[in-house]
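Novice:
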Amino acid sequence: MSEQLSTALTQAPRVGAWVTLDSIVATEQISRAGFDYVCIDGQHGLLGYDAQVRALVAIAAGGAVPFARVSTNSAAEIGRVLDAGARGVIVPLIDSAVEARTAALAARYPTSGGIRSFGPMRLGPHFSATPAETDASVTVLAMIETASGLAEVEAILDVDGVDGVYVGPYDLSLALGARVPVEDAILPLLDEELDRVIAAAKERGKIAGVHCADGLQAARRAEQGFTFITAATDVSSLRADMALQLGNARGVGADLGRAY
13 MSEQLSTALT
23 QAPRVGAWVT
33 LDSIVATEQI
43 SRAGFDYVCI
53 DGQHGLLGYD
63 AQVRALVAIA
73 AGGAVPFARV
83 STNSAAEIGR
93 VLDAGARGVI
103 VPLIDSAVEA
113 RTAALAARYP
123 TSGGIRSFGP
133 MRLGPHFSAT
143 PAETDASVTV
153 LAMIETASGL
163 AEVEAILDVD
173 GVDGVYVGPY
183 DLSLALGARV
193 PVEDAILPLL
203 DEELDRVIAA
213 AKERGKIAGV
223 HCADGLQAAR
233 RAEQGFTFIT
243 AATDVSSLRA
253 DMALQLGNAR
263 GVGADLGRAY
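Just remember that my numbering sits 12 ahead of the position in the sequence shown, which is counted from 1.
1. Quick one: complete beta strand (DSSP E) runs, 3+ long, within the stretch 55-96?
2. Mind listing, in chain order, the continuous beta strand (DSSP E) runs of no fewer than 3 residues lying wholly within the stretch 108-174?
3. Since Ile127 contacts Ala115 with CB under 8 Å, what's their CB separation in whole angstroms?
4. Using 8 Å as the threshold, is the C-beta distance between Glu164 and Ser108 below it?
5. To the nearest angstrom, how far is the alpha carbon of Asp203 from that of Asp53?
6. So for Val194, helix, strand or coil by DSSP?
7. So which of Ala76, Leu58, Gly57 has the shortest CA-CA distance to Gln41?
8. Are Gly74 and Ser35 closer than 8 Å when you measure CB to CB?
9. For the alpha helix (DSSP H) that Val247 lies in, which residues bound it at each end?
10. Give the DSSP bridge partners of Phe238, in chain order.
This is how it looks when you write it as structure tokens:
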């Protein structure tokens, strides 16, 4: 696990931002804002691999810890984002301990029992003197966003090499029976299940991560017990601030809608 993030288990929660747009300048500025980590979204974001490489360079330049959410539990994709400079990976749609183990092995070299191929194309702080030392600095988070993943969360957290979990509340709320993401009627049940995830991670000394719509929601999740919290997304923040400034200019309140 990355030393910079391991303190999330004993100190204040680590707060991050989410990048979905292909803009190296915007990504660098987000990283310079003071977030602990910035994660590029290779699943739903509008970034191909070339854009992901540029974004990871920009995040490192801005001083935040670079993370990447891959599009699928693929050894090739996990290895490529780590080679490009990610210090951690968030792997979506993990339904079982077997799938979590697959992700963990993909993120580590054979010297640590993994299957990652050695190819340090972009040397930097994300590569240590030995493969084993590099492995020790990589953080792997399994996404909990399906009914199966939620049912197996304790087993997923028990997997060696999985440093924690990251809850996708929109998909998870749908899995719990919501008609639309985070529907009001489902929130009590969602919070109950989130408490269970937090307790399972805390019991094992691992990271409890969650995606949030905005900073106010992030503060509530921190109070709830999460230790790795995404508080802002580039496209949502852009949309919200543009609507706010337009409303201010016209002398009317801005209707920001739900921030995703």
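A virtual CB, placed ideally from N, CA and C, is assigned to each residue, including glycine.
This structure is a prediction, so every number in the text was calculated from the model and none was measured.
Specialist: Result, derived from the coordinates:
1. Taken in chain order, the complete beta strand (DSSP E) segments of 3 residues or longer contained in the stretch 55-96 are 77-81.
2. Secondary structure in the stretch 108-174: the beta strand (DSSP E) runs of 3 residues or longer, each lying completely within the stretch, are 151-156 in chain order.
3. Not a contact, Cβ separation roughly 11 Å.
4. Going by beta carbons, Glu164 and Ser108 fall inside the 8 Å limit.
5. Their Cα atoms are separated by approximately 25 Å.
6. Note: Val194 maps to coil in three-state DSSP.
7. Minimum Cα distance to Gln41 is reached at Ala76.
8. In this structure, Ser35 does not lie closer than 8 Å to Gly74 by Cβ.
9. Start and end: 246-262.
10. Here Phe238 is not bridged, per DSSP, to any residue.
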